[in-house]
Amino acid sequence: MIISPCISICKTDPQTGFCYGCGRNNEEKKKWKQESTSNQWKNDNLTHIQKRLTGWQLESFKDSYKHKIENGISLFKKNLIK
Numbered sequence: 009m010i011i012s013p014c015i016s017i018c019k020t021d022p023q024t025g026f027c028y029g030c031g032r033n034n035e036e037k038k039k040w041k042q043e044s045t046s047n048q049w050k051n052d053n054l055t056h057i058q059k060r061l062t063g064w065q066l067e068s069f070k071d072s073y074k075h076k077i078e079n080g081i082s083l084f085k086k087n088l089i090k
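First residue of the sequence shown: 9, per the working numbering; consecutive thereafter.
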């Protein structure tokens with residue numbers, strides 16, 4: 009199973025249509041939730057969304073996504089619990 013790239017920073021850039029947190033657009037978010045979506049598509053999408061992000065945004069995504077994979081919760085949600 010491939011973990012969703014959502015890192016709980018769900019705000020969409022009005023110009024690009026991409027989420028500030030995960031870099032996906034609304035169609036990609038919907039496709040992630042569909043049972044018929046293949047792991048190959050998800051892996052490809054993870055590659056594409058990381059190409060959309062740059063600088064601190066990319067580093068923040070990578071750190072939070074890694075934490076989510078390892079601990080089952082994004083860094084944002086972890087900090088909310090504190």
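Heads up, the beta-carbon is just placed ideally off N, CA and C, and yes, glycines get one too.
| Asked | Found |
| --- | --- |
| Quick one, are the C-beta atoms of isoleucine 11 and isoleucine 77 less than 7 angstroms apart? | yes |
| Round the Cβ separation of glutamate 36 and asparagine 51 to the nearest angstrom and send it over; I've been treating them as touching at under 8 angstroms. | Incorrect: roughly 13 angstroms between the Cβ atoms, too far for contact. |
| With a CB to CB cut of under 8 angstroms and the five nearest residues on each side skipped, what residues in its chain are close to tyrosine 28? | Ile17, Lys19, Thr20, Asp21 and Gln65 |
| Which word fits leucine 61, buried or exposed, when buried means at least 16 other C-beta atoms lie within 10 angstroms of its C-beta? | buried |
| Should serine 46 be labelled buried (16 or more other beta-carbon atoms within 10 Å of its own) or exposed? | exposed |
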